[in-house]
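Visitor: Sequences listed follow chains A and B, in order. Add 10 to a position in the first sequence, counting from 1, and you land on the number used in the working numbering. Add 10 to a position in the second sequence, counting from 1, and you land on the number used in the working numbering.
There are 2 protein chains.
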Amino acid sequence: MSSHLDFYFDFSSPYGYFASTKINDLAQQFGRRVDWHPFSSDTLRPSNTGTSLVQIPAKREYIMKDYVRSAKFLNIPFKVPTVFPLDTRIATRAVMWAEAKFGEDKGILFAQTVFKAYYVDDKNIGDPEAIISLGESIGINPQELREGMSSTYTKEQVRAEIDLAAAKGVFGSPFILLDGESFWGVDRLDQLEAALKAKQTA
Amino acid sequence: MSSHLDFYFDFSSPYGYFASTKINDLAQQFGRRVDWHPFSSDTLRPSNTGTSLVQIPAKREYIMKDYVRSAKFLNIPFKVPTVFPLDTRIATRAVMWAEAKFGEDKGILFAQTVFKAYYVDDKNIGDPEAIISLGESIGINPQELREGMSSTYTKEQVRAEIDLAAAKGVFGSPFILLDGESFWGVDRLDQLEAALKAKQTA
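#1: Any C-beta of chain A within less than 7 Å: which residues of the stretch 164-187 of chain B qualify?
#2: Can residue 104(B) and residue 142(B) be called in contact, C-beta distance under 9 Å?
#3: Could you pull out every residue in the same chain whose Cβ sits closer than 7 Å to the Cβ of residue 210(A), ignoring the five residues on either side in sequence?
#4: Should residue 87(A) go down as buried or exposed, given a rule of 16 or more other Cβ atoms within 10 Å for buried?
#5: State the Cα-Cα distance for the pair residue 81(B) and residue 190(A), rounded to the nearest angstrom.
#6: Ordered along the chain, which non-local residues of its own chain (more than five positions away) have a Cβ less than 7 Å from that of residue 52(A)?
#7: For residue 45(A), which residues of its own chain have a beta-carbon under 6 Å away from its beta-carbon, when the five flanking residues on both sides are left out?
#8: Does the beta-carbon of residue 198(A) have 16 or more other beta-carbons within 10 angstroms, so that it is buried, or is it exposed?
#9: Taking C-alpha atoms, which residue in 134(B), 29(B), 131(B) lies nearest to residue 85(B)?
#10: Which residues, in order along the stretch 68-81 of chain A, keep a beta-carbon less than 8 Å from a beta-carbon of chain B?
#11: Output yes if chain B places a C-beta closer than 9 Å to the C-beta of residue 198(A); else output no.
#12: Listing by chain order, which chain A residues have their CB less than 8 Å from the CB of residue 204(B)?
#13: Who are the near neighbours of residue 36(B) in its chain, counting only those whose CB is closer than 8 Å to its CB and skipping five residues on each side?
#14: Entirely within the stretch 135-207 of chain A and at least 4 residues each: give me those alpha helix (DSSP H) ranges in chain order.
#15: Got a sec? Which residues, its chain only, sit under 6 Å from residue 43(A) by beta carbon, not counting five neighbours each side?
#16: Could you give the distance in angstroms between the alpha-carbon of residue 159(B) and the alpha-carbon of residue 165(B)?
#17: Within the same chain, show all residues whose beta-carbon is closer than 7 Å to that of residue 19(B), passing over the 5 residues directly before and after it, in chain order.
#18: Given that residue 46(A) touches chain B, what residues does it touch there, using C-beta distances under 9 Å?
#19: May I ask you to list the residues that DSSP assigns as paired with residue 44(B)?
#20: Rounded to whole angstroms, what is the Cα-Cα separation between residue 92(B) and residue 196(B)?
#21: For residue 117(B), name the three-state secondary structure that DSSP assigns.
#22: Using a 10 Å radius around the Cβ and a threshold of 16 neighbouring Cβ atoms, would you call residue 177(B) buried or exposed?
#23: For residue 23(A), return the contacting residues in chain B, with the cut-off set at a CB-CB distance below 7 Å.
#24: Against chain B, does residue 192(A) count as a neighbour if the rule is that its beta carbon must be under 9 Å from one of theirs?
#25: Using CA coordinates, which residue listed in 127(A), 134(A), 106(A) is at the minimum distance from residue 169(A)?
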């Protein structure tokens, strides 16, 4: 049995943000660590994802309200960002580069910092300068980050990661893989918990 | 404040079925009755709904497993039907006709009977003869039902109901309206309960 679980998320997904505030504590209760995998759902093939919820007017109106109501229900600080949704490729590259260079813990801290900046402080995380400044706030050298996040190597790594995620069946955010079993949505954290519990007592 | 809430569902939606097993008890705890509104999501305009989950291969594979896991988690008897999904227009017309003729309680009983036939006993509820036989099992005259469910009047009533639902923002199943507020999915029964509670103490 693996000692970790995989957490896939898009920075432009409020439900991904909500899950990000719960997943580490949940996993830890059952002796698991979490591998965080940021990805840009824009870069998944449309045949894998269908139409985004926010592209259909009737659903968009509902979902915008549901974000706010769900945050309140889950007791998570949240404001719909001024620029929403947005392209998360730059943020994804920055976080993946930092994780490769400084390790998983730094990568997670950077991801949490980006989420908070977007959904609490209403920063435009589509702007590379905002991302560099957030990196600096957690001790990452701005010049190194600027170069690292825009290198061909990082772009290829991000591309390879999305192909791997798609091959594993990932099609939305948040998406959690536990020993090959898939859980899609912050609404499935309760079933994830039940699965973790069942494995513990098995 | 209204003393009821509106419950929209498609017979071909397992999540609608799951909600149908909980909604009356939940509403009753807060002194509300439930108006049941069957509808065929096929008859909503695609611009309102986007792509159905089960039409995208990667999602379909996930969802088929999620139905089974969710049923188990929610402790609801369930088997993926042999014919799934299917056209629910006939079942919808039959139940709406029965409700108009015999009242809300009979309509609800008929809807529950159709759900059980489909998701527990694996009956093909797309077949008019199966629907007539289910009606008979709860005391509805087969000849009357056969005529009523295929009458132009019933078809127009079903059409008017779907237009009204779309105008209220309904775009999926299950969908619940509580004093103008929308709740989409069996995953939102917890937030519906919180809203009912807040209204009670307000």
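Glycine included, C-beta positions come from ideal geometry on N, C-alpha and C.
Guide: Quick answer:
#1: Against chain A - using a Cβ distance shorter than 7 Å - the residues of the stretch 164-187 of chain B are 179, 181.
#2: A distance below 9 Å separates the beta carbons of residue 104(B) and residue 142(B).
#3: The residues are 40.
#4: The residue is exposed, with fewer than 16 neighbouring Cβ atoms inside 10 Å.
#5: Put simply, the backbone Cα of residue 81(B) is about 20 Å away from that of residue 190(A).
#6: If the five residues before and after residue 52(A) are omitted, its C-beta is found closer than 7 Å to the C-beta atoms of 97, all from its own chain and listed in chain order.
#7: Excluding positions up to five away in sequence, the list reads 14, 16.
#8: Of the residues assessed, residue 198(A) falls on the buried side of the cut-off, its CB having 16 or more other CB atoms within 10 angstroms.
#9: It is 29(B) whose Cα lies nearest to the Cα of residue 85(B).
#10: Hits within the stretch, in order: 68, 69, 71, 72, 75, 76, 79, 80.
#11: Closer than 9 Å: yes.
#12: In chain order: 83.
#13: Only 199, 202, 203, 206 meet the Cβ criterion.
#14: Contiguous alpha helix (DSSP H) elements confined to the stretch 135-207 of chain A occur at 138-147, 152-159, 162-177, taking only those with 4 or more residues.
#15: Taken in chain order, the residues that qualify are 14.
#16: So the alpha carbons of these two residues sit roughly 8 Å apart.
#17: Excluding sequence neighbours, residue 19(B) sits near 26, 29, 30, 48, 183, 184.
#18: Within chain B, no residue comes near residue 46(A); the closest Cβ sits about 21 Å away, beyond 9 Å.
#19: Beta bridge pairing from DSSP links residue 44(B) with 15(B).
#20: Spanning the two alpha carbons is a distance of roughly 23 Å.
#21: Residue state, collapsed to three classes: helix.
#22: The residue is exposed, with fewer than 16 neighbouring Cβ atoms inside 10 Å.
#23: Contact note: residue 23(A) does not reach chain B at a C-beta cutoff of 7 Å; the least C-beta distance is about 16 Å.
#24: At least one chain B Cβ lies under 9 Å of residue 192(A).
#25: Cα-wise, what sits closest to residue 169(A) is 106(A).
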